[in-house]
Each structure stands twice: as C-alpha cells, then as structure tokens.
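What follows is a set of notes on a single structure, which appears directly below.
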Amino acid sequence: MDSKAYIESGILETYALGMCSDEEAHQVEAMCSQYPEVKAELTEIQDAINGYATAHGKAPKASTRDFVLNEIAALEESVQYAKPTIPLFNSRLAVAASLILLSLSLIGNIFFYNRWRSANNEVIALNTEKQQLAANFKSNQVKLETMNNDMAVITNPYTMKVMMKGVEKSPNSMAMIYWNKQSKEVFIELKSLPIPEQGKQYQLWAIVDGKPVDAGMITMKEGDSSLHKMRDFESAQAFAITLEKEGGNPSPTLTEMYVMGAVGS
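Adding 127 to a residue's 1-based position in the sequence shown gives its number in my numbering.
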C-alpha cells in the first residue's frame, strides 16, 4: 500500500485515538518509520486532538487524575519490560489520557448544563407567574376603584334615579339612570339589554322640553354592570335608549326604542 492510500484509510485517526489493535499499532509505527509523510500526518492528527482536549477539557478531581496517571505509569512500565520504548507509543498513551480527561470533563459539563437549564426554566416560570399575579392584582385594583366610584355616585344624596323599562320592542329590557341634579352629571347602568349586533350601538336620549337630545353613545360589553358616564344635563323630563348605527344618529329611530323612563315616575 502506498503512503497516500494508507493516510486516506483512516487508520492514523484510529491510532491517534488509541483504538488500534497491537498489530495495527505496529503497522502504523512501521509506516511512520518508512514514510515521513505518514509520520507528519499522524503528528498533525495528534496535535489536533491534543489541542481540542486542551481547549475544551477541564481538570477532573484530584483523585481521578491520580488514578489515571498511575494507570498510565503502570502501562509504561510494562511496555518497557516488553520491548524498547518507542516515542510514538508514549504519544499514544498521552492521547489516551487526554481523551479520558476530556470524556470526564464533557460528562461534568453536560451534568452542570442540565442543572443550569432546569434552574433557568424554573426562573422563567416564576417570572411568568409573578407577572400574571401583578396583572391580576392591577386588574382587581381597577375593578375595586370602579366599584367605589360607582357606589359614590349611587349613594350621593343629590343623585336622582330614573328607571327605564322595556317598551314594545323589547319588554324585558331595563336600564337605570343616575342623575346628579347638583353636578348635572348623568350615569347609566345597563341592567338588561340585548347585546347589539355588529355595526349597531345603543344611544341614550334625554327628552328636554318635548324634544329628544343626544345624550351619548353606549359601549356595551357582556357582563358589564358598571356605570357609564353620559353627557351632563341641567334639565330633562325623560330618558330613552334606541338602537342606532355604530356612532349614532342625530335623531332617534323610534321603531328601535328599547327602554324609556320619565323623571320623577
């Protein structure tokens, strides 16, 4: 076999990793003695392996290191008695030791990486839970503040209540007006009104001197029981709600009236 074919056979890499049989090892050493290019290629492979081990390896525990070095010393002593010392074989032992140390280092790295990943996932989960709790707390604060404000409006001694009952269009509908005659503020509570279809919106009207006056649009949500602030009025004889196109109309669609209530009734 010529030197080029021998180099390309992969036997030099096997030798450098310490995985050759004795017969293969003798053959590699003989080829290195006969062909300088084979020896140069083997040296390059060994340097690459040693370089990788040095760059990525970590020192093992002292007890492990001593065990490995003692085993290597015993192997070297047995080899000295068996045959003359060959530098290439010593290099083979060094590579084998480096691989053992590298393996131990990699095992340690994998273990600590898994521990780190697990801890990192726990931190992420805790942060997510913390953010969710903070969001819930803020939401509850907003709801409590809204309830307190609504209660202040309802219990104010200057607040007048106007019950708006369902008309023929929707007899089961109901809403309540809270009108502060001192501040002129008007609030509405939707007690029972159908959810409007897409493109439609409820509009509140105040009947002033017999004429309907726009009192504002109502943004209705499912399960919403809070008060909605509408336009202020100094005087009105009644209030009513109609279903209009989204954004409202300048005058009410009487056939789409849902509730109505007279002031003082």
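Even for Gly, the Cβ is constructed at its ideal location relative to N, Cα and C.
For clarity, every value in this text was computed on a predicted model and none was experimentally measured.
Beta-bridge analysis with DSSP links S319 to M301. In this structure, the alpha-carbon of Y142 lies about 12 angstroms from that of S136.
Secondary structure at Q161: helix, using DSSP grouped into helix, strand and coil. Nearest Cα to W332 within the set Q268, K348 and F314: F314. Each of K131, I368, K308 and E272 was checked against the Cα of G391, and the nearest Cα belongs to K308. Non-local beta-carbon contacts of S300 in its own chain, meaning distances under 6 angstroms to residues more than five positions away in sequence, involve G293, S319, L320, Y385 and V386 in chain order.
Contact annotation, L354 with E295: C-beta distance approximately 27 angstroms; criterion of less than 8 angstroms not satisfied.
Assignment of F366 by DSSP, reduced to helix, strand and coil, places it in the strand class.
Annotation for P298: no residue places its beta carbon closer than 6 angstroms to its own, counting only its chain and skipping 5 residues before and after. DSSP places T382 outside any alpha helix (DSSP H), giving it a letter other than H or E. Counting other Cβ atoms within 10 Å of its Cβ, M274 stays below 16 and is therefore classed as exposed.
Excluding residues up to 5 positions away in sequence, I134 and L139 lie with their Cβ nearer than 7 angstroms to the Cβ of E168 in the same chain. Straight across, the Cα-Cα distance linking I368 with L253 is about 49 angstroms. With respect to F366, M291 sits close: the two C-beta atoms are nearer than 8 angstroms.
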